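Quick notes on the structure that follows.
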Amino acid sequence: MSEFNGEIRKMMIILSKATLENVYAAFVLANGARMEGIEAEIFFTFFGLEAVHKKKLEHLHVATVGNPAMHMPTLLGGLPGMEALATSMMKKEMEKIDMPDVHEFLDILTASGVKLWACKLAMDMFHYKKEDLYEGVDDVITVGDFYKQGAGLGTHMLFV
Amino acid sequence: MEKQICGKVIHVNEEGYLTDLNEWTPEIAEELAKEYDITLSPRHWEVLKYLQSEHKNNVPLSIRKIGKSNVVDIKEFYALFPQGPLKISSKIAGIPKPASCL
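Residue numbers (our numbering), protein chains in the order written: chain A, -7 to 152; chain B, 10 to 111.
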């Protein structure tokens, strides 16, 4: 822990899920890093890509099934409209605490200097093109490229 | 805690934030800015004045609010105060460290 006295210099965050609670977790962590003067980069892979997909990013949902913190029977969570209901309730609460929506949050992240990377393998798998993605995405890169981005002392990597 | 700056004694907390805005002077701001290698420009002053007036009105500060302030956008805010714009600008402005994650 001698490097920079163990200080964190860069956060490399991998977002692999598209549920609202995970997307916000990754975004808040990246933004919070920048606010402390720590560099931050996000690698969007698998379903995480939906958070930067132009047509999908406004329609992300909270998970009501398989989410014990919802305190709701799994059967109930699977009913039609449950996810939409839970999502709209969560969005209302977020607005109250001044939490931006996904698109505005991406604007804040890019303005704050957070680098956004799309995973090449996942892009190929979902047949997405760079032009399908939010315009602030820096590039489509491989895992190896992402690791190179994280080179240097004081880098921490986080999987969401 | 007491801190000697510009030939004066001011009161600060353990992180170096002024505990009494009345002790703040523009000269103190310039000295505090130097600790972050920042030379205050007219744009810096506009932001600092805005932060102080928001603080006096008891408005909690966040990056998002500052981005919507029409005083400075987020990109310029980071350019003016690198290494943590909200906390550094607040310290220079003599107001408490904002307890915000956004």
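Here a beta-carbon is modelled for each residue, glycine too, at the ideal position from N, C-alpha and C.
Just so it is clear, the structure is predicted and the values come from calculations on it, not from any experiment.
- Item | aspartate 82 of chain B - DSSP class collapsed to helix/strand/coil | coil
- Around the Cβ of phenylalanine 90 of chain B, are there at least 16 other Cβ atoms within 10 angstroms (buried) or fewer (exposed)? buried
- Message: Using the Cβ count rule (16 or more neighbours within 10 Å means buried), how would you classify alanine 10 of chain A?
- Response: buried
- Query: Does the pairing of the stretch 99 to 110 of chain A with the stretch 128 to 146 of chain A give three or more beta-carbon distances under 8 Å?
  - Reply: yes
- Message: Taking 9 Å as the threshold (beta carbon to beta carbon), is isoleucine 100 of chain A in contact with chain B?
- Response: yes
- If we cut at 9 Å on Cβ distances, does asparagine 23 of chain A have a partner in chain B? yes
- What are the start and end residues of the alpha helix (DSSP H) that includes isoleucine 101 of chain B? 94 to 102
- Message: So for threonine 66 of chain A, helix, strand or coil by DSSP?
- Response: helix
- Message: I'd like to check one pair, alanine 17 of chain A with isoleucine 34 of chain A: are the Cβ atoms closer than 9 Å?
- Response: no
- Step through the CB atoms of chain A and report whether any lies within less than 9 Å of the CB of glycine 25 of chain B. no
- Message: Any beta carbon of chain A sitting closer than 9 Å to that of proline 94 of chain B?
- Response: yes
- If you draw a straight line from the alpha carbon of serine 104 of chain A to that of arginine 26 of chain A, how long is it in whole angstroms? 7 Å
- Query: For alanine 43 of chain A and chain B, any beta-carbon pair shorter than 9 Å?
  - Reply: no
- Item | Partners in chain A for aspartate 82 of chain B, counting only beta-carbon separations shorter than 9 Å | Ala103
- Message: Under 9 Å, Cβ to Cβ, is there at least one residue of chain A near arginine 73 of chain B?
- Response: yes
- Task: Indicate the three-state DSSP secondary structure (helix, strand or coil) for lysine 107 of chain A in the structure shown.
- Result: strand
- Message: Is it the case that the stretch 56 to 69 of chain B contacts the stretch 79 to 86 of chain B, given that we only count it when at least three CB pairs across the two stretches are under 8 Å?
- Response: yes
- Message: Measuring alpha carbon to alpha carbon, tell me which residue in A/Ile6, A/Thr66, A/Arg1, A/His45 is nearest tyrosine 174 of chain A.
- Response: Absent from the model: residue 174 of chain A. The displayed extent of chain A is -7 to 152, so no value can be given.
- Message: Please tell me whether methionine 91 of chain A has its Cβ less than 9 Å away from any Cβ of chain B.
- Response: yes
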